Each structure stands twice: as structure tokens, then as C-alpha cells.
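Q: For the sequence shown, numbering that gives the first Met the number 0 gives the first residue as 0, with consecutive numbering after it.
For each residue, glycine too, the CB sits at the ideal point set by N, CA and C.
In this text, all values refer to a predicted model and were calculated from it rather than measured experimentally.
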Amino acid sequence: MAGAASTFAGEVVHVTDGDTLWVRPDGGRDRPVKLRLQGIDAPERCQAWGAEATAALGARLLHRHVQVRTRARDVYGRSVASVSLEGQDVGAWMVSQGHAWSESYRRRRGPYSAEEQQARAARRGLFADGAALPPRRFRREHGACR
Numbered sequence: 000m001a002g003a004a005s006t007f008a009g010e011v012v013h014v015t016d017g018d019t020l021w022v023r024p025d026g027g028r029d030r031p032v033k034l035r036l037q038g039i040d041a042p043e044r045c046q047a048w049g050a051e052a053t054a055a056l057g058a059r060l061l062h063r064h065v066q067v068r069t070r071a072r073d074v075y076g077r078s079v080a081s082v083s084l085e086g087q088d089v090g091a092w093m094v095s096q097g098h099a100w101s102e103s104y105r106r107r108r109g110p111y112s113a114e115e116q117q118a119r120a121a122r123r124g125l126f127a128d129g130a131a132l133p134p135r136r137f138r139r140e141h142g143a144c145r
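1. Let me make sure I understand the geometry here. Which of 135, 31, 136 and 19 has the alpha-carbon closest to that of residue 9?
2. Taking only the alpha-carbon atoms, compute the straight-line gap between residue 79 and residue 106 and give it to the nearest angstrom.
3. Please go through the same chain and pick out, in chain order, the residues whose beta-carbon is closer than 6 Å to the beta-carbon of residue 49, but skip the five residues on each side of it.
4. Taking contact to mean 3 or more Cβ pairs, one atom from each stretch, closer than 8 Å, check whether the region 127 to 140 and the region 64 to 82 are in contact.
5. Please name the residue, chosen from 58, 95, 112 and 97, that lies closest to residue 103 on a Cα-to-Cα basis.
6. Within the continuous alpha helix (DSSP H) that includes residue 114, where are the two ends?
7. Taking a contact to mean a Cβ-Cβ separation below 7 Å, would you say residue 67 touches residue 7 in this structure?
8. Using 8 Å for Cβ pairs, my map puts residue 81 next to residue 88. What's the rounded Cβ distance?
9. Taking all protein chains shown into account, decide if residue 98 is buried (16 or more other Cβ within 10 angstroms of its Cβ) or exposed.
10. Can you tell me the Cα-Cα spacing of residue 94 and residue 45, whole angstroms?
11. When DSSP labels each residue in this structure, what does residue 61 get in the three-state scheme?
12. Which value, in whole angstroms, describes the spacing of the CA atoms of residue 140 and residue 119?
13. Grab the span of the beta strand (DSSP E) containing residue 9 for me, first residue to last.
14. Sorted by chain position, which residues of the same chain lie with C-beta nearer than 7 Å to residue 38's C-beta, five sequence neighbours on each side aside?
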């Protein structure tokens, strides 16, 4: 779903799950913006590794100042964005630490496929679990978390 691209800085005020967060833009007058991290797919909250992914993103970003570049809106109305903390791409960090998969589309490798391959080789996080299901497959087999 298309949307206007924008760039802003702000404070992370809430982490919903391993790939969704809320950022209050600098200036404090605007409401927090709900963001979906571009290029990653973290486990669902009710799925194995979901709590760990949420906790990792929260520990890394909550109440921290980040840079945001929105790209579009998803089907849930969230702005899809790349987020960086002190110059580091948060999506790349989540995948490299084994908290999310690099999101692929129609058999195309995701933007963080190199980070995912390294995390798999090192058996970091969810990649240590041979039975870990990518969220897309989990949702198809079990439905959405309630």
C-alpha cells in the first residue's frame, strides 16, 4: 500500500512486538507514529520466540532517540519504515541477533539475507531452534494471535 515517504527523528515510546514500535516525533506535539520495521518479519507474540523478539527490540530501543524513514503504509495502517539507532539499522540488528527473519517476497531474498545467513550459521536466537516457523507460515497454519 503506497504512502508518502518522510524522514523524522523521535523517541521510541512503545514496542508492540518484534517488528512494531511507536515513535513520538521530536517536538512532542505530534502523536506517536505506529511503525512496522521494513524488511524483517519477527515472530508473532503468541508464537515461540515472540516474547524474546519483543523484549530484544524493547531493550534496544525503548525511550531511545531514533531516526526514521517511512516508505509506505501496510494493510494494517502502519507506516513501514527503516529505523536507525546511532547510525545502526535496527532491522539488520534484529536479524543479525536472531530475533527476526529477513523478509523475502516471491522467492526474492530479503534485504537482510546476509545477516540472516550469518545468524543461522552462528545459531543465534531463533535460528538455534530447527523447528522455528517463519511468521507468515505460522499465521497460515495457526491464524493470527488473539
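A: By the coordinates alone:
1. Position 10 of the sequence shown, counted from the first residue, corresponds to residue 9. When only C-alpha atoms are compared, the closest one is 31.
2. Locating residue 79 in the sequence shown gives position 80, where the first residue counts as 1. Locating residue 106 in the sequence shown gives position 107, where the first residue counts as 1. The straight-line gap separating the alpha-carbon atoms of residue 79 and residue 106 is approximately 21 Å.
3. Translated into positions along the sequence shown, residue 49 becomes position 50. Excluding residues within five positions, the ones whose Cβ falls inside 6 Å are 42 and 43.
4. Touching, no.
5. Here residue 103 corresponds to residue number 104 of the sequence shown, with the count starting at 1. Among 58, 95, 112 and 97, the Cα nearest to that of residue 103 is on 112.
6. On the sequence shown, position 115 is the one that residue 114 refers to. Its alpha helix (DSSP H) spans residues 112 to 121.
7. The sequence position of residue 67 within the sequence shown is 68, counting from 1. The sequence position of residue 7 within the sequence shown is 8, counting from 1. Less than 7 Å separates the beta-carbon of residue 67 from that of residue 7.
8. Within the sequence shown, the letter at position 82 stands for residue 81. Within the sequence shown, the letter at position 89 stands for residue 88. Confirmed, about 6 Å.
9. Along the sequence shown, read from residue 1 onward, the residue named residue 98 stands at position 99. By the 10 Å Cβ count, residue 98 comes out buried.
10. Looking up residue 94 in the sequence shown gives position 95. Looking up residue 45 in the sequence shown gives position 46. Approximately 19 Å, taken between the alpha carbons.
11. Counting from 1 along the sequence shown, the entry for residue 61 is found at position 62. In this structure, residue 61 counts as coil in the three-state DSSP scheme.
12. Residue 140 sits at position 141 when you count from the first residue of the sequence shown. Residue 119 sits at position 120 when you count from the first residue of the sequence shown. Counting only the Cα atoms, residue 119 lies some 23 Å from residue 140.
13. For the purposes of this step, residue 9 is taken as residue 10 along the sequence shown, with counting starting at 1. Residues 5 to 16.
14. Along the sequence shown, one-based indexing puts residue 38 at 39. Residues of the same chain with a CB within less than 7 Å of the CB of residue 38, apart from the 5 flanking positions on each side, are 90, 101, 102, 109, 110 and 111 in chain order.
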